[in-house]
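Engineer: Structure incoming, see below.
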Amino acid sequence: MRWIVTFIAEAWALTAPYWRSEERWRARLLLAVVIALNLSLVGMTVLLTFWQRAFYNSLESRDWNGFIALLFTWHRTEAEGLLPGFVLVAVLYILIAVYQLYLRQALQMRWRRWLTDVYLAQWLSDRAYYRMALTDPGMDNPDQRIADDVRLFVEDMLSLGIGLMNSIVTLGSFVLVLWSLSGAITVLGMEIPGYMVWVALIYALLGTWLAHLIGRPLIALNFSLQRLEADFRYALVRLRENTEGIALYGGEADEKRGLTQRFGKLLVNWWDIMRATKRLTFFTAGYAQVASIFPIVVAAPAYFAGRMPLGGLIQTSSAFGQVQGSLSWFVDNYAKLTEWRATVQRLTGFTQAVAKAREAGTGPVAGQGQAGQLEIRDMTLSLPDGRVLLTDAALHVAAGEAVLINGPSGSGKSTLFRAMAGIWPFGSGMIALPEGARLLFLPQRPYLPLGSLKRAVCYPQDEADFSDADVTAALEEAGLGHLATRLQDVDSWGQRLSGGEQQRLSFARAFLQRPDWLFLDEATASLDPAAEHELHEKLQHALPGITMISIAHRPAVEQFHARLLTVEEGKLVEKGSA
């Protein structure tokens, strides 16, 4: 049963940090109140069993006054003492049940918010999200793990944890009641005291063992279900984000095949879950039905022999049901436990993938150099598979220079661009960036965030830092003046704008944010030569003295750069003037 120890350790590693965090006192107070309310419900359930005994005894003895008092006011009996009426108990029970659920949901949301912040920080800090895509491409759907698995983990943790606590407290409370009610029985000449307790224990242990035996396949199936659901959803999102490309290729049939295949795998897994759940439900439903009548059958001889009144029989049945139900917590929650275990494994896998991404290496060491200078020394760059792209590269760029880097496709130009941005983890050497300078990197495929057009232009800075007039001027400078009236429109701008318009928008960012150093990686490749020439002219006019390092192939770009470097045969070679 080593897997149980591993599972508990993994679950605890996910659970403990929140209860030690800066929110620990508020969280602990909320949990304490929730636990107190749950214990109150257990206490009221115990009280109700004594109320049931008095109530059914009043029916058996045809005691009208006692019957009415037990419904609406108070009633005193020799066996039970003073008992409140059902109406009072029911009102109090409802109030406690409502606020127990309300406060548990409040705790659940606070815990989920905290965990989401933690996982987002892990994913985004040190660009782990980028490194994970390079070091662990098989780690599926990190977005789904943050969005869905965190929610399921917290929800099930509280539900299962509080349910288990209730079962333990209920067991402790009703064992004493059932022990006192059941008396002794003689079996093979041996007197067994509190025999109903032992019957409930044997019944529950047998049910737990059979439930695990029957339901064990659900563990792996539920893990696969979450992965396959996320894969199918991701494929649908990919289709939505690439509608134009799919439409131009006429790829609808292929997309449908791919989606159908993904859904087919999900469907096969779902049918397996249905079959496994059917087998488990046959057992658990039968187990529950037998449990509803079993204690009455066992206690019936004492009732028919006159040693137990009707109320005592009902109380014995109720107490047996509570003891058996507490002992059967594992049986009743087996399916949910398998789902929760899958959630724990996925969140643990996410944490391990983040750690693996950070252990991949730091790449060339990036640091602050002298003001107005960029320097690269002894830099080697490689791919995740170990293939070396560039060795012993050296470069010195002074403020105000314009440097063009070209070379064959696949030679490592874009990797050099990523290394200068400080995001490439595979390699060695040193990159000293100009101290105190404002840097802006424009990749070939601009990233346009969700939200308004103004946010897209201002990204990554806060749109509140810029006036609408400044953003409008930047759009007009970039040749996108026709969009100036749509600054506040929220749209999928990455799909709405053409490739050329997206690249113009990235230049609008440069016009707006006015960096000291601008790095361009094929940033005008989607534009025609005339538009490319016009944008570079405007860039020099709007940002005089800007330092520019470009990766490009077209001759139209060369005239705007004074130095030319080429990546060839793994070396960065200075070619002189562009």
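Using the working numbering, the first residue of the sequence shown is number 460, and each one after it goes up by one. The beta-carbon is built from N, C-alpha and C at its ideal position, and this holds for glycine as well. Small disclaimer: the values here were computed from a predicted structure and weren't measured.
By a C-beta neighbour count over all protein chains shown, 10 Å radius and 16 as the cutoff for buried, is N524 buried or exposed?
Structural biologist: In the sequence shown, the residue the question calls residue 524 occupies position 65. Classification for N524: exposed.
Engineer: Take E860 as the anchor and find which of G831, R973, F742 and K1030 has the nearest alpha-carbon.
Structural biologist: One-based indexing of the sequence shown puts residue 860 at position 401. Closest by alpha carbon: G831.
Engineer: Where does Q920 land, buried or exposed, given buried means 16+ other C-beta within 10 angstroms?
Structural biologist: Within the sequence shown, residue 920 is the residue found at index 461, counting from 1. It counts as exposed.
Engineer: With DSSP as the reference, label L956 as helix, strand or coil.
Structural biologist: Residue mapping note: residue 956 aligns to position 497 of the sequence shown, counting from 1. It is coil, neither helix nor strand.
Engineer: Taking the alpha carbon of V949 as the point to measure from, which residue in L579, G745, T802 and A915 has its own alpha carbon closest?
Structural biologist: For this step, residue 949 is matched to residue 490 along the sequence shown. If we check each option's Cα against that of V949, A915 comes out closest.
Engineer: Could you tell me whether the region 896-905 touches the region 932-941, using the rule of 3 or more Cβ pairs below 8 angstroms?
Structural biologist: no
Engineer: Where does W614 land, buried or exposed, given buried means 16+ other C-beta within 10 angstroms?
Structural biologist: Translated into positions along the sequence shown, residue 614 becomes position 155. Residue identity check: residue 614 is Glu in the sequence provided, not Trp. By the 10 Å Cβ count, E614 comes out buried.
Engineer: Does DSSP put R535 in a helix, a strand or coil?
Structural biologist: Taking the sequence shown and counting its residues from 1, the one referred to as residue 535 is at position 76. Note: R535 maps to strand in three-state DSSP.
Engineer: Would you mind giving the Cβ-Cβ distance between A967 and L939, rounded to the nearest angstrom? I have them listed as a contact below 8 angstroms.
Structural biologist: Counting from 1 along the sequence shown, the entry for residue 967 is found at position 508. Counting from 1 along the sequence shown, the entry for residue 939 is found at position 480. Contact holds; Cβ gap of about 6 angstroms.
Engineer: Suppose you measure from the CA of N701 to the CA of S957; what does that come to, to the nearest Å?
Structural biologist: If you number the sequence shown from 1, residue 701 lands on position 242. If you number the sequence shown from 1, residue 957 lands on position 498. The alpha-carbon atoms of N701 and S957 are separated by roughly 12 angstroms.
Engineer: For V557, does the count of other Cβ atoms within 10 angstroms reach 16, so buried, or fall short, so exposed?
Structural biologist: Counting from 1 along the sequence shown, the entry for residue 557 is found at position 98. By the 10 Å Cβ count, V557 comes out exposed.
Engineer: Beta strand (DSSP E) containing Q428: first to last residue?
Structural biologist: This structure does not reach residue 428, given that the chain is present from 460 up to 1037, and the question cannot be answered.
Engineer: How close, in whole Å, do the beta carbons of Q1018 and S985 come, if the pair is a contact with beta carbons under 8 angstroms?
Structural biologist: Residue mapping note: residue 1018 aligns to position 559 of the sequence shown, counting from 1. Residue mapping note: residue 985 aligns to position 526 of the sequence shown, counting from 1. That belief does not hold up - the Cβ atoms of Q1018 and S985 are roughly 20 angstroms apart, past 8 angstroms.
Engineer: Look at the alpha carbon of I678 and the alpha carbon of F466, and state the distance between them as a whole number of angstroms.
Structural biologist: Position 219 of the sequence shown, counted from the first residue, corresponds to residue 678. Position 7 of the sequence shown, counted from the first residue, corresponds to residue 466. Their backbone Cα atoms lie some 12 angstroms apart in a straight line.
Engineer: Please go through the same chain and pick out, in chain order, the residues whose beta-carbon is closer than 7 angstroms to the beta-carbon of R571, but skip the five residues on each side of it.
Structural biologist: Locating residue 571 in the sequence shown gives position 112, counting from the first residue. Within the same chain, R571 has close Cβ partners V609, R610 and V613.
Engineer: At what residues does the beta strand (DSSP E) containing W976 begin and finish?
Structural biologist: Taking the sequence shown and counting its residues from 1, the one referred to as residue 976 is at position 517. Per DSSP, W976 belongs to the beta strand (DSSP E) from W976 to D980.
Engineer: Which value, in whole angstroms, describes the spacing of the CA atoms of E894 and Q829?
Structural biologist: As a first step, residue 894 is located in the sequence shown; it is residue number 435 there, counting from the start. As a first step, residue 829 is located in the sequence shown; it is residue number 370 there, counting from the start. When rounded, the distance between both Cα atoms is 6 angstroms.
Engineer: Considering only C-alpha positions, which residue in the set A982, E481, H1012 and R973 is nearest to H1000?
Structural biologist: As a working note, residue 1000 is residue 541 in the sequence shown. Nearest option by C-alpha distance: R973.
Engineer: So, L530 versus G544, is the Cβ gap smaller than 8 angstroms?
Structural biologist: Looking up residue 530 in the sequence shown gives position 71. Looking up residue 544 in the sequence shown gives position 85. In this structure, L530 lies near G544, with their beta-carbon atoms less than 8 angstroms apart.
Engineer: If you follow the alpha helix (DSSP H) that I835 is part of, which residue opens it and which one closes it?
Structural biologist: By one-based count along the sequence shown, residue 835 stands at place 376. No alpha helix (DSSP H) contains I835, which is instead part of the beta strand (DSSP E) from Q832 to S841.
Engineer: Whole angstroms is fine: what's the gap from A706's alpha carbon to R721's?
Structural biologist: The residue given as residue 706 occupies position 247 in the sequence shown. The residue given as residue 721 occupies position 262 in the sequence shown. Their backbone Cα atoms lie some 21 angstroms apart in a straight line.
Engineer: Have a look at the DSSP bridge pairing and note the partners of H855.
Structural biologist: Position 396 of the sequence shown, counted from the start, is the residue given in the question as residue 855. According to the DSSP secondary-structure assignment, H855 is paired through a beta bridge with E834.
Engineer: So, are the CB atoms of P754 and G780 less than 8 angstroms apart?
Structural biologist: As a position in the sequence shown, residue 754 is number 295, starting the count at 1. As a position in the sequence shown, residue 780 is number 321, starting the count at 1. Between P754 and G780, the C-beta spacing is below 8 angstroms.
Engineer: The alpha helix (DSSP H) with M879 in it runs from where to where?
Structural biologist: Walking along the sequence shown from the start, residue 879 turns up at place 420. Where M879 is concerned, the enclosing alpha helix (DSSP H) stretches over K872 to M879.
Engineer: Judging by CA-CA distance, which residue of L542, R1022 and W510 is the nearest neighbour of S1009?
Structural biologist: Stepping through the sequence shown from its first residue, residue 1009 is reached at position 550. Looking at the Cα atoms, R1022 is the closest of the given residues.
Engineer: So, using beta-carbon positions, are E1027 and S841 closer together than 8 angstroms?
Structural biologist: On the sequence shown, residue 1027 is found 568 positions in, with the first residue counted as 1. On the sequence shown, residue 841 is found 382 positions in, with the first residue counted as 1. Cβ atoms of E1027 and S841: not closer than 8 angstroms.
Engineer: Alpha carbon to alpha carbon, how far is A580 from L998?
Structural biologist: On the sequence shown, position 121 is the one that residue 580 refers to. On the sequence shown, position 539 is the one that residue 998 refers to. Their Cα atoms are separated by approximately 36 angstroms.
Engineer: Quick one: complete alpha helix (DSSP H) runs, 4+ long, within the region 755-806?
Structural biologist: 769-786 and 788-791
Engineer: Would you kindly report the start and end of the unbroken alpha helix (DSSP H) that includes T931?
Structural biologist: Taking the sequence shown and counting its residues from 1, the one referred to as residue 931 is at position 472. Note, T931: alpha helix (DSSP H), D927 to E936.
Engineer: In angstroms, rounded to a whole number, what distance separates the CA positions of E1033 and F978?
Structural biologist: The residue given as residue 1033 occupies position 574 in the sequence shown. The residue given as residue 978 occupies position 519 in the sequence shown. If you take the alpha carbons of E1033 and F978, they lie about 18 angstroms apart.
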